[in-house]
Amino acid sequence: MARVTPYGAFNFQVSLGEGSRDAAQIIGGFSDVSGLGTEITVAEYRNGNEKENHVRKVPGVYKVSDVTLKRGIVNSEDLWAWITAVQQTGYKGQRTVHIKLMDETGDTEVQGWTLNNAVPTKYTGPTLAAKGGGDVAMEELVLASESIQFEQLSRD
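First residue of the sequence shown? That's 10 in our numbering, and the numbers climb one at a time after it.
Dropping the structure here:
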């Protein structure tokens with residue numbers, strides 16, 4: 010029987026996979042993932058001798074939305090190493106990124122998204138303020154990819 014209760018959006022894993030230059034895999038403890046999506050452009054076309062007075066909608070190319078990852082700053086240089094690799098080598102710094110939604114227990118992968126040939130396009134460091142308050146220093150990474158794949162991992 011199909012599941013009727015939606016999964017929570019709070020259990021997920023992000024793996025910034027190995028790149029084409031044998032770069033180490035980054036498995037991030039990210040707190041937010043947003044922007045998973047794709048859009049298909051549509052061209053409007055009408056024959057001059059068409060009897061019906063409407064245009065046809067012809068699917069065209071598709072594009073993938075940029076994905077934003079956020080995490081608390083930890084003592085790690087992994088994201089900077091990837092950004093530097095892309096700055097120095099361009100497309101050779103591309104990676105395959107896997108994002109997996111987990112069930113409530115965190116043990117079972119239920120859905121996944123794969124970003125192919127992803128590169129970082131923007132890094133934003135933390136906002137630092139001496140006012141106190143105990144806010145966590147956060148960093149943000151925006152990724153652009155050439156394609157996205159969806160995978161149903163569990164039929165729960």
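Heads up, the beta-carbon is just placed ideally off N, CA and C, and yes, glycines get one too.
Proximity to residue i [Cα-Cα], best of the options
| i | options | result |
| --- | --- | --- |
| Asn-84 | Ile-108, Met-147, Ser-74 and Val-64 | Met-147 |
| Thr-136 | Met-111, Thr-47, Ile-157 and Ile-82 | Ile-82 |
| Ser-43 | Glu-118, Val-70, Asn-125 and Val-151 | Val-151 |
| Tyr-132 | Asp-75, Ala-138 and Gly-57 | Asp-75 |
| Phe-21 | Ser-40, Ala-90 and Thr-14 | Ser-40 |
| Ile-157 | Gly-17, Ile-108, Val-119 and Thr-14 | Ile-108 |
| Pro-15 | Val-23, Val-119, Leu-124 and Ile-49 | Val-119 |
| Glu-160 | Val-67, Ile-92 and Met-111 | Met-111 |
| Asn-62 | Val-70, Asn-126, Glu-53 and Asp-87 | Glu-53 |
| Val-64 | Val-73, Val-51 and Tyr-71 | Val-51 |
| Lys-72 | Thr-47, Ala-138 and Thr-123 | Thr-47 |
| Phe-1 | Gln-97, Thr-114, Leu-88 and Glu-86 | Because the chain in this structure spans residues 10 to 165, residue 1 falls outside the shown range and cannot be described. |
Residue i vs residue j beta-carbon contact at 8 Å
| i | j | result |
| --- | --- | --- |
| Ala-153 | Thr-130 | yes |
| Gly-121 | Leu-162 | yes |
| Gly-26 | Arg-80 | no |
| Ile-49 | Gly-69 | yes |
| Ala-90 | Val-106 | no |
| Glu-155 | Asn-125 | yes |
Within-8 Å CB hit, residue i to chain B
| i | result |
| --- | --- |
| Thr-77 | The chain inventory of the structure shown lacks chain B, comprising one protein chain alone. |
Residue i - DSSP class collapsed to helix/strand/coil
| i | result |
| --- | --- |
| Val-67 | strand |
| Lys-101 | helix |
| Leu-162 | coil |
| Asn-125 | strand |
| Glu-59 | coil |
Extent of the continuous alpha helix (DSSP H) run through residue i
| i | result |
| --- | --- |
| Ile-92 | 87-98 |
Host beta strand (DSSP E) of residue i (start-end)
| i | result |
| --- | --- |
| Ile-49 | 47-54 |
| Gly-81 | 76-81 |
| Ser-43 | 41-43 |
| Ala-153 | 147-153 |
Would you be able to state if there are at least three C-beta pairs under 8 Å between the stretch 137-145 and the stretch 98-115?
With a cut-off of 8 Å, the stretch 137-145 and the stretch 98-115 do not count as touching, because too few Cβ pairs lie within range.
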